[in-house]
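Our numbering puts the first residue of the sequence shown at 2, with every later residue one more than the last.
We treat Cβ as the ideally placed atom computed from N, Cα and C, and that holds for glycine.
Data block below; observations after.
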Amino acid sequence: MRRFFRTDSLFAISVVTFASIYWTITGFSVSASPDLEESLGSDLNKSGEATISKNNGEKDKKKRKSILERLSDFIHGKRRRIDNQGGRKFCLITPNKDSIITWSNTPVFAWQGTAANIRVWTYDKESDEEITMWSYELTLDDNKKQSVPYNYNHDPKAKMLEQGKEYDYSITPGEVRDQRIEVSKEQEPFESIFKLMELHDYEKIEEELKVIETNGFNELDNQELKGMTEKEKIAIKRALFFKDKKIEEENLFLDFAGELFSAEVESELFTSYLQQLRAIFCEKNKPEETNSQN
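Okay, here's the thing in structure tokens:
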């Protein structure tokens with residue numbers, strides 16, 4: 002057996018050597034299939050020779066995306082599916098027409114630009130009459146942050162949203178004049194719907210979020226988020242969770258964006274993240290790219 006093994010090995014080496022000489026003389030090069038490359042943990046250089054990676058972990062590290070890249074990719078993918086979410090001066094980030102289901106019973110309204118008012122309503126099943134759930138005139142301070150959660154002003158007239166129910170909403174673009182916000186004359190209000198998920202789904206996610214918040218980031222992620230407060234880090238944890246979560250085959254973008262844009266902002270790094278994410282989502286609203294409004 003040993004003798005046979007040696008003979009066989011020598012034969013294999015001879016074949017490889019001859020092939021290498023032939024390829025060098027003729028300039029012929031080969032490339033390994035992706036599956037073979039992966040199984041061997043090897044790369045091919047330009048001459049067609051295989052070089053074994055010293056550390057497969059290094060390759061994984063190179064492929065790893067930063068937290069900001071993961072957040073940006075999700076927002077960019079969502080934006081591509083929406084034809085028009087604003088004009089030159091206003092861009093509605095969430096809620097939006099491509100995302101309807103939400104986990105939160107106080108969904109967040111987030112935008113870029115100036116917004117004048119928000120209204121949420123439903124319809125009576127028997128009479129089909131319109132029932133206002135919440136109506137709010139936005140302030141200059143609201144427009145500095147550019148986001149508010151449902152009934153954050155604790156209006157006694159506002160009604161609690163119920164799990165499993167669908168609601169209409171509108172958000173009206175505005176303009177600042179003499180330190181006051183007036184309704185925009187250039188753009189119509191944005192109107193669409195959102196739906197709170199069923200109670201059993203809500204409770205399941207609620208339990209999962211408790212676990213998510215106690216889990217730490219890995220070393221590389223911690224290094225990236227260095228300088229952020231714990232509240233900001235938790236907001237990112239929850240956003241990443243909602244990025245990968247689906248209910249009824251729909252991703253939870255409303256909750257993803259809500260966690261980020263409703264967070265208490267303290268650090269410069271988190272502020273920078275939000276600015277970049279807003280810019281990505283509202284990229285199509287540049288004057289040269291926007292010819293129509295809703």
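Residue i to residue j span [Cα, whole Å]
i, j, result
"M229", "F262", "15 Å"
"Q188", "N118", "13 Å"
"D99", "S185", "24 Å"
"Y153", "L221", "35 Å"
"N223", "K232", "14 Å"
"R120", "C92", "17 Å"
"I172", "Q147", "12 Å"
"K227", "I68", "12 Å"
"K160", "W135", "7 Å"
Reference residue i; option with closest CA among the options
i, options, result
"W298", "E163, Q180 and E214", "Any property of residue 298 remains undetermined from this structure, which presents the chain solely from 2 to 295."
"F204", "K66, T140, S148 and I248", "Note that residue 204 corresponds to Glu in the displayed sequence, not to Phe. For E204, the nearest C-alpha among the options comes from I248."
"K126", "L139, E167 and S105", "E167"
"D142", "Q180, K64, P174 and M134", "Q180"
"K211", "R239, F195 and N219", "R239"
"E251", "Y274, F195 and Q113", "F195"
"E284", "P108, E192 and W112", "W112"
Exposed unless 16 or more other CB atoms sit within 10 angstroms - verdict on residue i
i, result
"T215", "exposed"
"K79", "buried"
"M198", "buried"
"T115", "buried"
"Y124", "exposed"
"V149", "buried"
"K66", "exposed"
For residue i: DSSP bridge partner residues
i, result
"T103", "L197"
"I1", "Outside the displayed range of the chain (2 to 295) lies residue 1, so it cannot be described from this structure."
"D169", "W122 and I194"
"I248", "E251"
8 Å Cβ cutoff, residue i in contact with chain D
i, result
"E127", "No chain D is present in this structure, which holds just one protein chain."
Quick check: the region 72 to 83 against the region 265 to 279, are there 3 or more CB pairs under 8 Å?
As far as the Cβ criterion goes, the region 72 to 83 touches the region 265 to 279, which means the pair count is three or higher.
Across the region 238 to 258 and the region 100 to 117, are there enough close Cβ pairs to call them in contact, namely three or more that are closer than 8 Å?
yes
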